[in-house]
Each structure stands twice: as structure tokens, then as C-alpha cells.
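Residue numbers (my numbering), protein chains in the order written: chain Z, 1 to 181; chain S, 1001 to 1138.
Backbone N, C-alpha and C define an ideal beta-carbon position, used for all residues, glycine too.
See structure below.
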Amino acid sequence: MTLNVRLAKSIMEQEEGMNHLWIQLFIADFSTTEKAEIGIQLPSGLYRASNLNGYEETESKGIILDLSQDKDVLFELYTQSAVSCGEAPVVISIKYLDNRKRRKEISENIVIRFVSEEEMDALDIDQKVIERLMELGNGAAGMPKPDDDFVNLRPRTYEIINNEYAYLEKRYRVDYETRGR
Amino acid sequence: MSGYTAKQIAEFIGQDDPRMNLRTVRYYTQIGMVPPLETVGNKRVYTDKHIHFFRAIITLTRTGETLASIQEILNPLTIEEVEKIGQQMHLYDSIRVLENETLAITEDVAITISPRISAELKQKVIDSVSRVLRGETN
């Protein structure tokens, strides 16, 4: 198994910055493993939101993957108060059982560069990561989550039909009758 | 043309939806969800046009669209059309959606009514609008 790790932005703001981390998994054909757990170690001052694919996360923030169908995972990374400018590593590890049921662990590092807002002109965007972000779920994926889960609700819609039987609706519609009392 | 900083935009749009914070405003700008910033003097600034885009993005987000489809929807539109989408944002507040009911009078006309409106008044509104649509004056 190999991991391919990419960042959406080559540099990110040291304060109130946002970036996305995309991890792609390439599993050898001979592998029979199905379950795997991904762990991410972030430098101080860099945080991540829950994975945007909607995979289960453990209490220790490990991401549980079903390798028979899950081939990638995407995260939002962000800074809040200012962190020191410069480079810091993000360490990604994946634990799984190989085809002989032996425990295996692979790690990959990717360096993240924090800069001041004035230095952001040198930004390069990895369009492949952005394409994946845009494909994944709701537009809210790119926005920080509120405290409670975001719920999409469609307005309740009733169709008023003006035909020869319309008077029946006026007379018998439950909400009309009950609220009128 | 009014020029705004990212922070000003976040404070302004954040009143409509607190999730549209400074990080998100910057990010959506960097990944091309909104048009490129305008140059005023030697500074690049946001304008009213960007406010319309951010509001339209919030509105479409609330309807469940992906960022990709939002971008696809907004790209060919005129700024007036983008502004119109943003003006409907409040119709998709979750509290409003949960409490209000939307009555489709015809294929082209729908009325959203809050529970504060009595059943009698609601019926009068429906009847009045229906009559107008049928071309009746009284």
C-alpha cells in the first residue's frame, strides 16, 4: 500500500488560514486487507475539521476506512490565532492488516508552510485537490461546520389547486380547520 | 465603487451566516469561487459584486448544492442574477424552513407563510392571490 498526500495550497496564512489535505490510497492487487485506520499528527496551532468524506472517526480521531471502497480522504486544515511563520510537518499514518494478517503501519510526511497574509501572493493552488473538494458533498464542505450538524431541509410545500373541488380543501384541510379554532 | 477588505467582508457576510468567516472568505477567493479582486490604487479589494457572490453561495449551499455545481450555476450569470439568488438566502434559514409553509398557488407563484399568520388570514391570502392570478379583480 502507498499513500499520496497533497495540499490544496502551497502556503497558508499563519492566522485565520484554511487549507485542505488530500490523502489518496493505492492498494496493491494482492492485498486482501479491508479495514484500515488513518491517523494525522498536526503541528501546534494547526487544526483539522472532521473528514469531508463522512467516514467514521474514533474518539482518538482515527479515521476508519473500508478499503474495499474508500480510496481517499479529504480534510480541512485551519489556523486560528497566529502560529510562527515557517515550515512544519504534518504526519499521516495508516494502520492495517496485510494479506498474512500482520499489523502494518505506513507513514508519510508533508510540509506545510505558514506565511503572513502579505506573503500570500506567492500562493500556488493544486487544482486536483480543489476539484476533489468541489465534488465532495455539500458546498458547506468548504465552510467550517457549526456546532451542530448541518441539515438540509426543503420547505414544506402544498399545492393549491383551483378546480371544482377546491371548496373541499377549504372545508376539510386539517391545518385550516385546527388553526381556525 | 466601494472597496472592502477580506475582514470587512467576513464581518458583513458573517451576519447572514456565521460560517462565512475570514478563513472561508479568503479561501473561496483563492480557489476561484468568487471573481478576482478589483484593483483600487495599489490595493486589491472586494466590492459589492463579491458580496452578491458570497450571498448567492450561502443560498445555494443551503439548498444542498456542491461547490462544483454552485460554481457552474453562478459562472454564466449576470451580476443582477447572482444578486437575485442571494436575496433569497433568508428563505432557506433552517428555522424558517422548519416553521413556515410554502404554498404553491400555481407553477409560477408560491407564497411562504409563517405560523404567526392565522388560518383565516392565510386562506384569505391564498384566495386573493388565486383571484388575481385568474384575472379576477374582485
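query: How about residue 1024 of chain S: is its C-beta nearer than 8 Å to some C-beta of chain Z?
result: Closer than 8 Å: yes.
- prompt: Going by alpha carbons, who is nearest to residue 39 of chain Z out of Z/67, Z/60 and Z/131?
  reply: Here the closest residue by C-alpha is Z/60.
task: Starting from residue 1095 of chain S, trace the beta strand (DSSP E) both ways and give me its first and last residue.
output: It is not in any beta strand (DSSP E) - residue 1095 of chain S instead sits in the alpha helix (DSSP H) that spans 1094-1099.
task: Would you mind stating whether residue 49 of chain Z and residue 76 of chain Z have Cβ atoms separated by less than 8 Å?
output: For residue 49 of chain Z and residue 76 of chain Z, yes; Cβs fall inside 8 Å.
task: Determine, using beta carbons only, whether residue 108 of chain Z and residue 92 of chain Z come nearer to each other than 8 Å.
output: Residue 108 of chain Z places its beta carbon less than 8 Å from that of residue 92 of chain Z.
Any chain S beta carbon closer than 8 Å to residue 78 of chain Z: For residue 78 of chain Z, at least one C-beta of chain S is nearer than 8 Å to its own C-beta.
Within-8 Å CB hit, residue 1031 of chain S to chain Z: With 8 Å as the cut-off, residue 1031 of chain S counts as an interface residue toward chain Z.
query: So what's residue 107 of chain Z in DSSP terms, helix, strand or just coil?
result: The three-state reading of DSSP puts residue 107 of chain Z in strand, counting E and B together.
- prompt: Can you give the Cα-Cα distance for residue 1095 of chain S and residue 1015 of chain S, rounded to whole angstroms?
  reply: Between the alpha carbons of residue 1095 of chain S and residue 1015 of chain S lies a distance of about 16 Å.
- prompt: CB-CB under 6 Å to residue 165 of chain Z, same chain, minus the five flanking residues each way: which ones, in chain order?
  reply: Excluding positions up to five away in sequence, the list is empty.
task: Identify, in the order they occur along the chain, each residue of the same chain with its Cβ nearer than 7 Å to the Cβ of residue 125 of chain Z, setting aside the five sequence neighbours on each side.
output: Once the five neighbours on either side are set aside, the close Cβ partners of residue 125 of chain Z are 8 and 9.
query: In whole angstroms, what is the alpha-carbon distance linking residue 1010 of chain S and residue 1022 of chain S?
result: Near 5 Å, if we compare the C-alpha coordinates of residue 1022 of chain S and residue 1010 of chain S.
message: For residue 1085 of chain S, tell me which candidate among S/1124, S/1012, S/1123 and S/1049 has the shortest Cα-Cα distance.
response: When only C-alpha atoms are compared, the closest one is S/1049.
Separation of residue 1130 of chain S from residue 1057 of chain S, as counted between CA atoms: Spanning the two alpha carbons is a distance of roughly 33 Å.
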